[in-house]
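Chemist:
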Amino acid sequence: MYLKKLEAHGFKSFANKITLEFPKPEKKPGGSHGIAAIVGPNGSGKSNIAEAVRWALGEQSIKALRGKKAEDVIFSGSDKKSRMSMAEVSLYFDNADKQIPIDYHEVVLTRRVYRTGESDYIINKNKTRLSDIQILLAKSNIGQRSYSIIGQGMIDSILIATPTERKEFFDEAVGVKEFQMKRDQSLKKLERTWDNLMQVEAILNEIEPRLRSLTRQVKRLEQREEVERNLRLFQHSYFGALWRQLQKERSELSPDAKKHAEGLKIKQAKLDQISNKLQRLEKADTPSDAIMSLQQEYQKKLESKNKLREEQLILENKIVIAKERVKMETSVMPTAEIISHLEEIEAEHKSFLAIASDKTPLQAIKEKVESIYFKVSNLLKSLKNPKAKAVNGGVDPALEKQKHKIDAELKILEDELSSFQKQIDEASKQQSSDKGAVFDLQREWQVIQRELNSLNAKASDVRVALAKVETRIEDLEREIKEETGSLDWLKNEGSTTPKESELSEIHKLKHQLELIGGIDPETVKEYKEIKERYDFLSGQANDLKKSSNELEQVILDLDDTIHQHFNKAFKTINEEFNKFFRTLFNGGKAELRLIKEEPSNKKTRSIGSGPEAGEDELEDSQAIAVEGDDEANEIKAFIKKIQSGKTIKGIDIITTPPGKKLAGIAMLSGGERAMASIALICAIISNNPSPFVVLDEVDAALDEANSIRYAAILDELSHKTQFITITHNRATMEKATMLYGVSMGEDGVSKLLSIDFEQAEKHVNR
């Protein structure tokens with residue numbers, strides 16, 4: 225891999241587009257030198273080429289580019305040329321060996337900036353991030369702030385830099401920058417991971433007490449549900465058997481109740497029938513008081529009849545006498561007897577009518593008697609006058625006719641009285657018969673009533689028993705529904721004999737439920753939500769811990785790789801530094817020493833540069849105690865430990881020029897410091913050659929003799945790397961195979977011309 229070409233447009237004094245093509249170095253002794261020299265007068269802009277390379281590689285310090293603000297890298301204009309709105313630099317790398325880990329034979333890195341402040345980083349026409357470019361360059365052993373680009377001030381800055389700053393330069397110089405960047409990224413990721421873990425664990429600590437409380441309640445709920453399940457089984461068994469037993473009793477009582485009800489209905493119907501007959505007979509019969517009164521009156525009338533009979537006899541005698549007299553005297557006597565007889569009849573019938581009028585069933589007879597009485601009364605009235613006449617003077621012929629008429633009427637009256645008497649007898653007989661029927665019906669009523677009462681008592685007992693069973697069934701079903709919530713399961717077949725042991729178990733399980741107490745149904749919902757959140761956060765915490773452990777291991781592995789690589793490279797560079805120092809100074813001695821932090825008193829000390837001492841001290845520095853068990857403190861201590869560079873605080877440079885005593889770098893003259901710096905840079909390049917190195921007038925302070933030695937070292941190292949040197953030194957130019965000249969015209973724009981010595985030599989020899 226090497227730098228094939230550089231293109232710049234609008235960068236600083238290069239307003240116009242320029243292109244610099246560089247020779248390919250041969251990685252073997254005797255091959256063509258990969259050295260390109262850039263020359264020109266002071267102020268022509270030749271150092272801008274070195275800065276263009278540095279800027280394209282991602283340099284962020286404007287001060288390192290000799291500017292104050294980002295837009296200072298854009299051509300600012302002159303009297304004859306207006307300023308540019310954009311600056312762009314592209315570096316073309318030959319990547320046939322895939323040293324840059326992307327699948328391109330040619331890799332073009334482009335950086336572009338606008339006056340608006342916008343900027344782009346581009347790899348092969350694809351925009352990317354600065355961090356991606358930095359990682360890619362670190363993997364390729366190229367860095368914008370390392371020995372890949374060594375400016376005029378870097379020679380002195382390496383020597384006068386603090387040990388810590390010098391350590392940072394060495395980190396990139398020995399090729400551990402890539403691992404350090406990965407480690408630093410992993411450290412940042414680890415910090416974020418632990419921050420997230422602390423947040424997650426803080427939330428877990430916050431919800432864990434509530435979860436424990438809910439877990440206890442849920443366990444109680446599960447226990448309650450288990451007890452309820454057992455309770456439900458015993459309830460189903462016991463209540464089901466009891467319910468089926470009651471159903472059986474009801475089914476046994478129901479036919480009896482129905483039978484008794486039908487018997488009662490029949491008996492009641494018979495009783496109602498008898499009652500109706502009795503009511504009808506009672507309506508037709510004389511009440512008991514009326515019968516007693518009628519009997520008393522009958523006795524009175526019987527006495528009156530006897531008296532009347534005596535009078536009738538008297539009357540009959542009188543009538544006989546009268547008849548004789550009538551016969552003797554005008555035949556008036558029979559009429560008198562008739563009248564007398566009629567009067568007697570009238571009197572008897574009136575008496576009878578008085579008695580018969582009180583008897584309700586004989587109303588029709590009473591009416592008939594009254595009719596007869598009316599006729600007799602009229603007849604008597606019609607006969608009184610003839611009688612008087614007969615007594616006074618004889619029988620009127622008309623009376624004889626009337627007599628016959630009265631006789632006929634009396635005959636009819638007697639027939640009617642006989643019929644009336646017959647009806648009276650029949651009524652009396654019917655009354656007697658009705659009284660017997662009433663007695664029989666009453667006796668039958670009493671028998672049926674007793675049977676009805678007995679049957680009603682039995683039916684009542686059955687009804688009461690059935691009602692009790694039905695009430696127990698209703699109460700039981702209500703209890704079952706309250707206890708189990710449903711009655712459907714009662715339809716299932718099962719035992720009809722409830723067990724007392726099951727009832728005892730039911731009471732025991734209910735007591736357990738009382739001891740467990742009620743659980744809010746929302747508790748389960750809340751528990752599930754919090755448990756789900758807790759499990760999720762616990763999973764996140766475990767993932768974060770796992771990720772943290774993995775990151776820690778990666779960091780430790782990277783850190784070990786860094787220190788092993790650094791340790792090995794430090795030893796080699798130390799040896800090469802001493803060698804090149806002796807070459808440039810023609811003798812003497814130089815040494816690099818690590819400065820470490822004392823774990824006990826936190827003071828720094830220098831460590832000898834001997835390989836055994838350096839390695840031992842590096843291994844010892846890995847043991848750092850971390851106090852405290854708190855995870856947050858542990859990770860902070862871990863990060864601090866890694867960031868501390870395993871207690872290596874810096875690098876010190878000890879030099880001893882020929883004929884002088886051991887002295888620090890500050891005791892050297894300007895020329896000596898320059899040669900010591902060049903020796904150190906050459907030692908670094910020799911140990912870990914970069915694909916290319918840009919040297920910006922690093923030989924400016926060398927005299928001719930030292931310039932020759934410097935040029936010889938470049939020539940030696942040109943087989944390991946590509947050199948682009950900006951110089952005024954003739955000895956350096958002689959070693960170059962490509963020469964670029966830079967000049968500045970009146971318009972303030974730098975111009976470029978080139979000479980290929982190999983092509984020129986071929987042209988001259990031709």
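Just so we're on the same page, this note's numbering is the position in the sequence shown counted from 1, plus 224. Glycine included, C-beta positions come from ideal geometry on N, C-alpha and C. From a predicted model like this one, the values you see are computed outputs, not experimental measurements.
(1) Hey, how far is the Cα of A493 from the Cα of D664?
(2) From V332 to E231, what distance separates their C-alpha atoms?
(3) State the beta-bridge partners of L315 as determined by DSSP.
(4) Once DSSP output is grouped into helix, strand and coil, what is the label at R339?
(5) With DSSP as the reference, label I346 as helix, strand or coil.
(6) Using the DSSP secondary-structure output, state which residues sit across from K351 in a beta bridge.
(7) For the beta strand (DSSP E) containing D876, list its first residue and its last residue.
(8) For N953 and D923, what's the separation of their Cα atoms in angstroms?
(9) Taking the alpha-carbon of V277 as reference, which of I979, M968, G965 and T949 has the nearest alpha-carbon?
(10) Let's see if you can read the secondary structure: which residues bound the alpha helix (DSSP H) around F238?
(11) Got a sec: is the Cβ-Cβ distance from Q404 to anything in chain B below 8 Å?
(12) Which residues does DSSP list as the beta-bridge partners of E245?
(13) Apart from the five residues on each side of it in sequence, which residues of its chain come closer than 6 Å, Cβ to Cβ, to L808?
(14) Which stretch, first to last residue, makes up the alpha helix (DSSP H) that contains M957?
(15) Among Q736, S967, A691 and I909, which one has its Cα closest to the Cα of I374?
(16) Less than 8 Å between the CB atoms is what I'm expecting for L227 and L315, so what's the real figure, rounded?
(17) Can you tell which of C906, S268 and A261 has its C-alpha closest to the C-alpha of K803?
(18) Please name the residue in E706, N454 and D480 whose C-alpha comes closest to that of E726.
(19) So for I848, helix, strand or coil by DSSP?
(20) Which residues mark the beginning and the end of the beta strand (DSSP E) in which I286 is found?
(21) Taking L892 as the reference, which of L383, N930, I672 and I740 has the closest Cα?
(22) At the level of alpha carbons, what is the spacing between L775 and Q736?
(23) What's the gap between the Cα of D480 and the Cα of P722?
(24) Please classify T949: does DSSP put it in a helix, a strand, or coil?
(25) Leaving aside the five residues before and after K529 along the sequence, list all residues of the same chain whose C-beta is less than 6 Å from its C-beta, in chain order.
(26) Nearest to H789 by alpha carbon, out of F394, D759, G709 and K287?
(27) Does the Cβ of T879 have 16 or more other Cβ atoms within 10 Å, making it buried, or fewer, making it exposed?
(28) I believe L414 touches I779 by the beta-carbon criterion, under 8 Å. Please report the beta-carbon distance rounded to the nearest angstrom.
(29) Looking at E707: is its Cβ nearer than 8 Å to the Cβ of Q503?
(30) In terms of residues, what are the limits of the beta strand (DSSP E) holding F916?
(31) Taking the alpha-carbon of L976 as reference, which of R806, S268 and K229 has the nearest alpha-carbon?
(32) So, under 8 Å CB-CB, V966 and S974 are touching, yes? Tell me the CB distance rounded to an integer number of Å.
(33) Does the distance from the CB of L421 to the CB of L761 come in under 8 Å?
(34) Would the beta-carbon of E425 be found less than 7 Å away from any heavy atom of the ligand PLP?
(35) Do R335 and V313 have their C-beta atoms closer together than 8 Å?
(36) Classify A681 as buried or exposed, calling it buried when 16 or more other Cβ atoms lie within 10 Å of its own Cβ.
Modeler: Reading from the atomic positions:
(1) Translated into positions along the sequence shown, residue 493 becomes position 269. Translated into positions along the sequence shown, residue 664 becomes position 440. Spanning the two alpha carbons is a distance of roughly 18 Å.
(2) Within the sequence shown, the letter at position 108 stands for residue 332. Within the sequence shown, the letter at position 7 stands for residue 231. Going by the C-alpha atoms only, they are around 10 Å apart.
(3) Sequence index remark: in the sequence shown, residue 315 carries index 91 (1-based). L230 and L333, per the DSSP bridge assignment.
(4) Along the sequence shown, one-based indexing puts residue 339 at 115. Coil.
(5) Here residue 346 refers to the residue found at position 122 of the sequence shown. Three-state DSSP puts I346 in a strand.
(6) The residue labelled residue 351 in the question sits at position 127 within the sequence shown. In the DSSP output, where bridge partners are listed per residue, K351 has I346.
(7) Translated into the one-based positions of the sequence shown, residue 876 becomes position 652. D876 -> beta strand (DSSP E) spans I872 to T880.
(8) Translated into the one-based positions of the sequence shown, residue 953 becomes position 729. Translated into the one-based positions of the sequence shown, residue 923 becomes position 699. For N953 and D923, the distance between alpha carbons rounds to 7 Å.
(9) Locating residue 277 in the sequence shown gives position 53, counting from the first residue. Comparing Cα-Cα distances from V277 to each of I979, M968, G965 and T949, the minimum goes to T949.
(10) Here residue 238 refers to the residue found at position 14 of the sequence shown. No alpha helix (DSSP H) holds F238; DSSP gives it neither H nor E.
(11) No chain B appears in the structure shown, which is made up of a single protein chain.
(12) Translated into the one-based positions of the sequence shown, residue 245 becomes position 21. The partner list for E245 (beta bridge, DSSP) reads K229.
(13) For the purposes of this step, residue 808 is identified with residue 584 of the sequence shown, where counting begins at 1. Within the same chain, L808 has close Cβ partners M899, A903 and R933.
(14) Position 733 of the sequence shown, counted from the first residue, corresponds to residue 957. Taken as a continuous stretch (DSSP letters only), the alpha helix (DSSP H) holding M957 covers R954 to K959.
(15) Mapped onto the sequence shown, residue 374 falls at position 150. Looking at the Cα atoms, I909 is the closest of the given residues.
(16) On the sequence shown, residue 227 is found 3 positions in, with the first residue counted as 1. On the sequence shown, residue 315 is found 91 positions in, with the first residue counted as 1. So it is a contact: roughly 6 Å between Cβ atoms.
(17) Counting from one through the sequence shown, the residue named residue 803 turns up at place 579. When only C-alpha atoms are compared, the closest one is C906.
(18) Walking along the sequence shown from the start, residue 726 turns up at place 502. Per the Cα distances, N454.
(19) Position 624 of the sequence shown holds residue 848. Caution applies to I848, whose pLDDT of 27 falls short of 50 and renders its modelled position unreliable; the value that the coordinates give is listed next. Reduced to three states, the DSSP call for I848 is coil.
(20) Your numbering for residue 286 matches position 62 in the sequence shown. Careful: I286 lies outside any beta strand (DSSP E) and carries neither H nor E.
(21) Counting from 1 along the sequence shown, the entry for residue 892 is found at position 668. Of the listed residues, the one whose Cα sits closest to L892 is L383.
(22) Taking the first residue of the sequence shown as position 1, residue 775 is located at position 551. Taking the first residue of the sequence shown as position 1, residue 736 is located at position 512. Approximately 54 Å between the Cα atoms of the pair.
(23) By 1-based counting over the sequence shown, the position of residue 480 is 256. By 1-based counting over the sequence shown, the position of residue 722 is 498. If you take the alpha carbons of D480 and P722, they lie about 25 Å apart.
(24) As a working note, residue 949 is residue 725 in the sequence shown. Strand.
(25) Translated into the one-based positions of the sequence shown, residue 529 becomes position 305. Low local confidence applies: a pLDDT of 45 at K529 is under 50, so the model's placement there is unreliable, with the coordinate-based value given in what follows. Result list for K529: empty, nothing under 6 Å.
(26) Within the sequence shown, the letter at position 565 stands for residue 789. Nearest C-alpha to H789: F394.
(27) Taking the first residue of the sequence shown as position 1, residue 879 is located at position 655. Flag for T879 reads buried.
(28) Taking the first residue of the sequence shown as 1, we reach residue 414 at position 190. Taking the first residue of the sequence shown as 1, we reach residue 779 at position 555. The pair is a contact, with the Cβ atoms about 7 Å apart (cut-off 8 Å).
(29) To locate residue 707, count along the sequence shown from 1; it is residue 483. To locate residue 503, count along the sequence shown from 1; it is residue 279. No. Outside cutoff.
(30) Along the sequence shown, one-based indexing puts residue 916 at 692. First-last of the beta strand (DSSP E) with F916: F916 to D920.
(31) In the sequence shown, residue 976 corresponds to position 752, counting from 1. Measuring from the Cα of L976, the nearest candidate turns out to be S268.
(32) Within the sequence shown, residue 966 is the residue found at index 742, counting from 1. Within the sequence shown, residue 974 is the residue found at index 750, counting from 1. Indeed they touch by this definition, with Cβ atoms about 6 Å apart.
(33) Residue mapping note: residue 421 aligns to position 197 of the sequence shown, counting from 1. Residue mapping note: residue 761 aligns to position 537 of the sequence shown, counting from 1. For L421 and L761, no; Cβs fall outside 8 Å.
(34) Of ligands this structure carries none, so the ligand PLP is not represented either.
(35) Within the sequence shown, numbered from 1, the residue matching residue 335 stands at position 111. Within the sequence shown, numbered from 1, the residue matching residue 313 stands at position 89. Against a cut-off of 8 Å, the Cβ pair of V313 and R335 comes out as a contact.
(36) As a first step, residue 681 is located in the sequence shown; it is residue number 457 there, counting from the start. Counting Cβ neighbours within 10 Å, A681 comes out exposed, since fewer than 16 surround it.
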